[in-house]
């Protein structure tokens, strides 16, 4: 067996134990993990400092460095996140539906863990703990494969979590880290059908598409975020400028950040008078079509065709001028990724059309796309934002990390 196959076999055994561990034991493990992360914060920060130094030397952008970097406050936040997961209702064993058939059979549909979840993600060490905590609460074992840029951070975090699991007598192999960050290990994980029940990629569109194309394990696509803000002709322009600024600038590296703004031609000049100075505060680079360039002048550069499909993850924004709501809807159909889309308008009919016709996991009227988040939706933590339609769509909380089975009770019925 390869090392990854050994990890898979051990995770499968651990998943069997977790599936019947019960809420009290799983919560004890999560609280132990939170305490251990805080107790060993210095170790985790030291490992992270190695990763950050190497990434900076290799020219990583500031936005990606922000995602990679841990601080004392972020470590406390990650630990608190694990405690919050412990406080959430346990989905395992929940009765989704129940019926008694005419022949007397009692049939219940009950939530059960998915089993062993593989997670491939980029340079975000907080994901290592967040993903493990969510998998654990939902009764799943996980095999984590983070980006090489965060390997020292991830290795330290997984060691801390495995020690905490042992301390509460749960299998340490409930959480495993792929020790090889080469493409070969990613390929092997994507083909680990004997041990993995599902694979979840978290990261940019390139990572997600490559995993979906190559994997033999079932994949839940998450995080492809080419999100749009449409400024309608009937928009409150000051509100629109503030929403765009928040959606682009509050944290540009995340998947619910806006990557493209569509502006109705009738309000083009008036809108950019309000929005351009706000975006300039963060030095956002605007890549604009010809109509917007005539208004923005030296504050923008000409957009290329590739900009309409780009997930920048940075302080860069594509700018498109449209003549109508119909054109905006057609543009989003052509270039959206099914994540989050928003309209800013005071016209109720236009708002309803946008809500009804846009095909995305989350559709907004007069609000920032940055709200597409499990915590903001009142679900607690999330494993990611699913952009597909099967099994889960939108923020994936604990319920979405479960499957179900049917429990059928009879008293001698035969067919």
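Residue numbers (my numbering): 80 to 494. Glycine residues also receive a C-beta, built at the ideal position from the N, C-alpha and C atoms. Keep in mind the model is a prediction, meaning the values are calculated, not measured.
{"Asked": "Strictly by DSSP, which residues pair up with residue 222?", "Found": "197 and 255"}
{"Asked": "If you follow the beta strand (DSSP E) that residue 281 is part of, which residue opens it and which one closes it?", "Found": "277-281"}
{"Asked": "Between the region 463-472 and the region 166-182, are three or more C-beta pairs nearer than 8 Å?", "Found": "no"}
{"Asked": "Once DSSP output is grouped into helix, strand and coil, what is the label at residue 327?", "Found": "helix"}
{"Asked": "Comparing alpha-carbon positions, which option in 476, 117, 492 and 433 lies nearest residue 164?", "Found": "476"}
{"Asked": "Please report how far the alpha carbon of residue 177 lies from the alpha carbon of residue 486, in whole angstroms.", "Found": "9 Å"}
{"Asked": "If contacts are defined as beta-carbon pairs under 8 Å, then residue 318 and residue 423 qualify, I think. What distance do you get, rounded to the angstrom?", "Found": "6 Å"}
{"Asked": "Could you tell me the alpha carbon to alpha carbon distance between residue 439 and residue 418, rounded to whole angstroms?", "Found": "5 Å"}
{"Asked": "May I have the straight-line CA-CA distance separating residue 331 from residue 184, to the nearest angstrom?", "Found": "54 Å"}
{"Asked": "For residue 233, count the other beta carbons within 10 Å of its own beta carbon; 16 or more makes it buried, fewer makes it exposed. Which is it?", "Found": "buried"}
{"Asked": "In the DSSP assignment, find the beta strand (DSSP E) that holds residue 559 and state where it starts and stops.", "Found": "Given a span of 80 to 494 for the chain in the structure shown, any question on residue 559 remains unanswerable."}
{"Asked": "Report the start-end ranges of each beta strand (DSSP E) in the region 423-451 that is 3 residues or longer and not cut off at the edges.", "Found": "441-444"}
{"Asked": "Between 101, 199 and 149, which has its C-alpha nearest residue 122's C-alpha?", "Found": "149"}
{"Asked": "Using only CA atoms, which one of 200, 102, 381 and 324 lies nearest to residue 353?", "Found": "324"}
{"Asked": "Three or more C-beta pairs closer than 8 Å, one from the region 82-90 and one from the region 270-278: is that the case here?", "Found": "yes"}
{"Asked": "By the three-class DSSP mapping on this structure, what secondary structure does residue 473 have?", "Found": "strand"}
{"Asked": "For residue 204, which of 162, 219 and 120 has the nearest alpha-carbon?", "Found": "120"}
{"Asked": "Which residue's Cα is closest to the Cα of residue 346: 404, 333 and 328?", "Found": "404"}
{"Asked": "For residue 137 and residue 454, what's the separation of their Cα atoms in angstroms?", "Found": "34 Å"}
{"Asked": "Tell me the rounded alpha-carbon separation between residue 420 and residue 399.", "Found": "15 Å"}
{"Asked": "Rounded to the nearest angstrom, what separates residue 93 and residue 105 at their Cα positions?", "Found": "13 Å"}
{"Asked": "For residue 116, which option in 449, 207, 193 and 452 has the closest C-alpha, if you only look at C-alpha atoms?", "Found": "207"}
{"Asked": "Could you check which residue in 322, 231 and 392 has the C-alpha nearest to that of residue 129?", "Found": "231"}
{"Asked": "Taking contact to mean at least 3 C-beta pairs separated by less than 8 Å, is the region 386-395 in contact with the region 362-375?", "Found": "yes"}
{"Asked": "Output the distance between the C-alpha atoms of residue 524 and residue 229, rounded to the nearest integer angstrom.", "Found": "The question about residue 524 has no answer here: the residues shown for the chain are numbered 80 through 494."}
{"Asked": "Less than 6 Å between C-beta atoms, sequence neighbours within five positions excluded: which residues of the same chain meet that for residue 270?", "Found": "295"}
{"Asked": "Straight-line CA distance for residue 279 to residue 478?", "Found": "15 Å"}
{"Asked": "Quick check on residue 253: buried or exposed, where buried means 16 or more other Cβ atoms within 10 Å of its Cβ?", "Found": "buried"}
{"Asked": "Exposed or buried, which one is residue 145 when buried takes at least 16 other CB atoms within 10 Å?", "Found": "exposed"}
{"Asked": "How far does the alpha helix (DSSP H) with residue 351 in it extend, from its first residue to its last?", "Found": "347-359"}
{"Asked": "Throw me the rounded Cβ distance for the residue 390 and residue 436 pair, which I believe falls under 8 Å.", "Found": "Not really, about 23 Å apart at Cβ, beyond 8 Å."}
{"Asked": "What's the gap between the Cα of residue 416 and the Cα of residue 369?", "Found": "24 Å"}
{"Asked": "Taking DSSP as the reference, what is the three-state secondary structure of residue 397?", "Found": "strand"}
{"Asked": "Out of 306, 355, 140 and 258, which has the shortest C-alpha to C-alpha gap to residue 450?", "Found": "306"}
{"Asked": "Could you tell me the distance, in whole angstroms, from the CA atom of residue 402 to the CA atom of residue 356?", "Found": "24 Å"}
{"Asked": "Just to confirm my understanding: we take residue 444, look at its own chain, exclude 5 residues before and 5 after, and list those with CB closer than 6 Å. What are they?", "Found": "422 and 430"}
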